[in-house]
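Chains as they are written, first to last, in our numbering: chain R, 1 to 413; chain W, 414 to 826. From the three backbone atoms N, C-alpha and C, an ideal C-beta is built for every residue, glycine too. Report on one structure; see the data block that follows.
Protein chains: 2
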Amino acid sequence: MNQQKNNAVVGQSGGPTSAINATLAGVIRGAAKAHGEGKIGTLYGMRHGIEGLLSEEMVDLLDIFREESDLDTLALTPAAALGSCRKKLKPFREDETVYRRLFEIFEKYDIHFFFYIGGNDSMDTVAKLSAYAATVRYPLTVVGVPKTIDNDLAGTDHTPGFGSAAKYIAATMREILSDTAVYTVRAVTIVEIMGRDAGWLTAAAALPGLSGGRAPDLLYFPERPFDKNAFLSSVNAAFEKHPNVVVAISEGARYADGTYVGASAQSGATDAFGHQYLAGAGKVLEHIVREEIGCKVRSVELNLPQRCAAHLASRTDIEESLRIGAAAVSAAVRGESGVIMSFERLSDEPYRTDIRAERVDGVANAVRTLPDAFINAAGNGVTDACLRYLAPLIRGEVEPKYEDGMPVHFVLP
Amino acid sequence: MNQQKNNAVVGQSGGPTSAINATLAGVIRGAAKAHGEGKIGTLYGMRHGIEGLLSEEMVDLLDIFREESDLDTLALTPAAALGSCRKKLKPFREDETVYRRLFEIFEKYDIHFFFYIGGNDSMDTVAKLSAYAATVRYPLTVVGVPKTIDNDLAGTDHTPGFGSAAKYIAATMREILSDTAVYTVRAVTIVEIMGRDAGWLTAAAALPGLSGGRAPDLLYFPERPFDKNAFLSSVNAAFEKHPNVVVAISEGARYADGTYVGASAQSGATDAFGHQYLAGAGKVLEHIVREEIGCKVRSVELNLPQRCAAHLASRTDIEESLRIGAAAVSAAVRGESGVIMSFERLSDEPYRTDIRAERVDGVANAVRTLPDAFINAAGNGVTDACLRYLAPLIRGEVEPKYEDGMPVHFVLP
């Protein structure tokens, strides 16, 4: 292992996105610059978040990424190149064991900068490690960089990773709209979109309506109660306009009593042993239409490609993710700790953002949902204000390298 | 309507693909050339296949597509720009009504060339119209151009549309493989792929293994009986190698007794009223893994994007589709009738094909499945010969126009 002093470590945590590796590439570029200026020794990458760190599974990222072209490939590789974990730290006043072990490792490797790229749980880790470092008086600068396709983090205009997922959804929705338009027979197509607690991604399904294009007829979000009869009336009303009705629904849509529309969401998809056939919100709506209207109906769950279709990433999102990663290192070397990096939007058109460091305590564990001003009065569509907010985030295309007709991904040696 | 003589008509039929509009663009380019040479009056487009033709819903395509750039956009627009139908003609010896009506329309519009872009049912229509024209001695040149993502048509090396669907599957599978690799917890990811009768598309899921990349661990095709115990043994064997097992299964996979693995496939997805929750082959495998192995498991149905994700179309497929469309017009003006256009492969590397006109009678209604030489001995993977066959078909990327961050589609006025 490297014998340098004043080192940094970076990890990725939580669910993968198409942009989390772009943020990592930004951190690596920032660290390489800081290394050149003598401010950081080297940058370790922890494998599988703090789980790997606890067993000292680390790689020397400045050594691995000596070629700029590898960083370019990394930035367009989906999922977490370092691996990920879903570990949430207990408060250290309850159990100090893990904290003691982590700080032993920091001491052993002379680590004084800790960068963590992740969602809500990861920002919670940032807050706790920062507080513990102060308690034990170990000089550790802790900086979180948000990522989540769900866009439901407080304290930032939007999250890295959301724009690419939104672009995938918008483009795929346009393709599905073209596909469903070919027949004259009445049919309903239901598209289930990720987002357990917030409707941001489902709102992105409305983007094909920009510039006068066709958009889905109906959208259903977790922010508004789902009503079966209102849904059926809306579908029948849409049939007055055209024979091919297209509906988008969040996986997290709920009835007025708070139960999920999707049976699988209700019982928890991964721990629901013994359930014969689990069904998501899309399948449930498919069933409702078949039973109550009796027309041709199909449901499509966009599923994993929403978070890993990096070939269709938003250039805006990837460039911002690179920038926010580098900005995290700048913030750290100028002494900011216990912060998460965030975007402040200065204007929609032309789209301009600033990157800031926010105190992490105020934002961790808070869920940001679609504001009322972004949802229409009927609760089944978005407003122009919502489209103005979303539009710049999906702009621009990336140009991944292709080999054998498939995008090339960076695989850590 | 146009008053020209010696006109042609073209239609699209059957399920949409990402390349069927490229074939249409090829027919339009070919017809414009033939028009310039005085060999064809104009080219009508029938809306929604012969269904629209029967009610004289036609557009003048040479008039609409005067700009080359519109043809370029059309070629990268998924689904059928003219609309589609699923009408199968009865034999004219049983019922001549529809034939009489069609030939009245041909006479009225002075149509002597009939181009039909479609799958098996459409080639059946080509055969029947050609035979009927001979019977009633109406001079009609009938040429079929195949399209199907399923690649299950006889008499051609491959079908237009297959390469783009295969590329979407291969690229998406690579993205899913990256996504699933981030955690250390044992997990099975099951990907359900289209193909009711043949495993060509599922075989394409193996393409990420080219050039040493990771490929799915197990593939299941309709061509080999699915055995639950063998499947479970294979998954457990794959866990010996890595914690993230990835499986691809055709929607048409069947047990040894011929029943479909997917319950929805078994009962027919659209007419199965009253079934609480229909499940495809992927969901059934998810259930088997959860019950019998008990690890984390997820299923992903690739669904409609397989046939409409035109932004990721194969350049090879789009260029061939343009060529075969134009070749159909050339064949027609040199007097070939009752034929379908087909590809003959001259070599894999470098990849070279010829376009030929085949007698339609021999190929309509025949299903071409994966040959034995393309499936491994265990029946759960493909051979190198299969990869050599598939590899050239997904090569090359297209460059669709984007507006507002989404691909631009051509919409018929």
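Within chain R, the residues that residue i reaches when beta carbons sit closer than 7 Å
i, result
"residue 623 (chain W)", "404"
"residue 663 (chain W)", "The premise fails here: residue 663 (chain W) is roughly 18 Å from chain R at the closest Cβ pair, so nothing lies under 7 Å."
"residue 429 (chain W)", "179, 182"
"residue 721 (chain W)", "175, 176, 178, 179"
"residue 822 (chain W)", "174, 178"
DSSP three-state assignment for residue i, whether helix, strand or coil
i, result
"residue 529 (chain W)", "strand"
"residue 414 (chain R)", "No statement about residue 414 (chain R) is possible, as the shown extent of chain R runs from 1 to 413 and does not include it."
"residue 506 (chain W)", "coil"
"residue 636 (chain W)", "coil"
"residue 582 (chain W)", "helix"
"residue 471 (chain W)", "strand"
"residue 146 (chain R)", "strand"
"residue 263 (chain R)", "helix"
"residue 820 (chain W)", "strand"
"residue 289 (chain R)", "helix"
"residue 657 (chain W)", "strand"
"residue 109 (chain R)", "coil"
"residue 696 (chain W)", "helix"
"residue 187 (chain R)", "strand"
"residue 446 (chain W)", "helix"
"residue 254 (chain R)", "strand"
"residue 50 (chain R)", "helix"
"residue 367 (chain W)", "Since the first residue shown for chain W is 414 and the last is 826, residue 367 (chain W) is missing from the structure and cannot be characterised."
"residue 548 (chain W)", "helix"
"residue 439 (chain W)", "helix"
Of the listed residues the options, nearest to residue i (C-alpha basis)
i, options, result
"residue 602 (chain W)", "W:629, W:776, W:578, W:622", "W:629"
"residue 248 (chain R)", "R:238, R:231, R:230, R:220", "R:220"
"residue 457 (chain W)", "W:444, W:421, W:479", "W:421"
"residue 460 (chain W)", "W:424, W:789, W:478, W:453", "W:424"
"residue 693 (chain W)", "W:750, W:605, W:650, W:815", "W:605"
"residue 42 (chain R)", "R:344, R:329, R:166, R:367", "R:329"
"residue 261 (chain R)", "R:319, R:224, R:356", "R:224"
"residue 512 (chain W)", "W:486, W:539, W:561", "W:539"
"residue 757 (chain W)", "W:737, W:749, W:748, W:745", "W:737"
"residue 404 (chain R)", "W:803, W:593, W:535", "W:803"
"residue 781 (chain W)", "W:483, W:571, W:526", "W:571"
"residue 639 (chain W)", "W:783, W:443, W:668, W:468", "W:668"
Opposing strand residues paired with residue i [DSSP bridges]
i, result
"residue 424 (chain W)", "W:529"
"residue 343 (chain R)", "R:355"
"residue 315 (chain R)", "Beta-bridge pairing links residue 315 (chain R) to no other residue."
"residue 815 (chain W)", "W:820"
Same chain, Cβ closer than 7 Å to residue i, five either side skipped, listed in chain order
i, result
"residue 396 (chain R)", "314, 315, 316"
"residue 798 (chain W)", "786, 787"
"residue 418 (chain W)", "454, 523"
Spatial neighbours of residue i in its chain, beta-carbon cut-off 6 Å, leaving aside the 5 residues before and after
i, result
"residue 825 (chain W)", "494"
"residue 723 (chain W)", "431, 489, 491"
"residue 173 (chain R)", "205, 208"
"residue 61 (chain R)", "28, 43, 45"
7 Å Cβ cut-off: residues of chain W touching residue i
i, result
"residue 394 (chain R)", "818"
"residue 304 (chain R)", "589, 592, 713"
"residue 160 (chain R)", "Going along chain W, no residue has its Cβ under 7 Å from residue 160 (chain R), so there is no contact; the nearest lies around 16 Å."
"residue 167 (chain R)", "818"
Residue i: contacting residues in chain W (beta-carbon distance under 8 Å)
i, result
"residue 84 (chain R)", "595, 596"
"residue 69 (chain R)", "Going along chain W, no residue has its Cβ under 8 Å from residue 69 (chain R), so there is no contact; the nearest lies around 17 Å."
"residue 78 (chain R)", "588, 591, 592"
"residue 397 (chain R)", "815, 818"
"residue 311 (chain R)", "584, 588, 725"
Close Cβ partners of residue i (< 8 Å) along its chain, the five nearest in sequence each way excluded
i, result
"residue 678 (chain W)", "With a pLDDT of 41 at residue 678 (chain W), under the threshold of 50, the predicted position of this residue should be treated as unreliable, and no value is reported."
"residue 600 (chain W)", "593, 656, 657, 658, 708, 709, 710, 711"
"residue 238 (chain R)", "217, 218, 245"
"residue 201 (chain R)", "149, 150, 151, 162, 165, 166, 169, 193, 194, 195, 250, 306"
"residue 823 (chain W)", "434, 483, 486, 487, 490, 494"
"residue 353 (chain R)", "157, 320, 343, 344, 345, 346"
"residue 470 (chain W)", "459, 460, 461"
Residue i: contacting residues in chain R (beta-carbon distance under 9 Å)
i, result
"residue 727 (chain W)", "405"
"residue 804 (chain W)", "404, 405"
"residue 525 (chain W)", "The premise fails here: residue 525 (chain W) is roughly 27 Å from chain R at the closest Cβ pair, so nothing lies under 9 Å."
Per-residue contacts from residue i into chain B (C-beta, under 9 Å)
i, result
"residue 207 (chain R)", "Of the protein chains in the structure, R and W, none is chain B."
Partner residues on chain R for residue i, Cβ-Cβ distance less than 8 Å
i, result
"residue 655 (chain W)", "Correct list: empty, because the minimum Cβ distance to chain R is about 12 Å."
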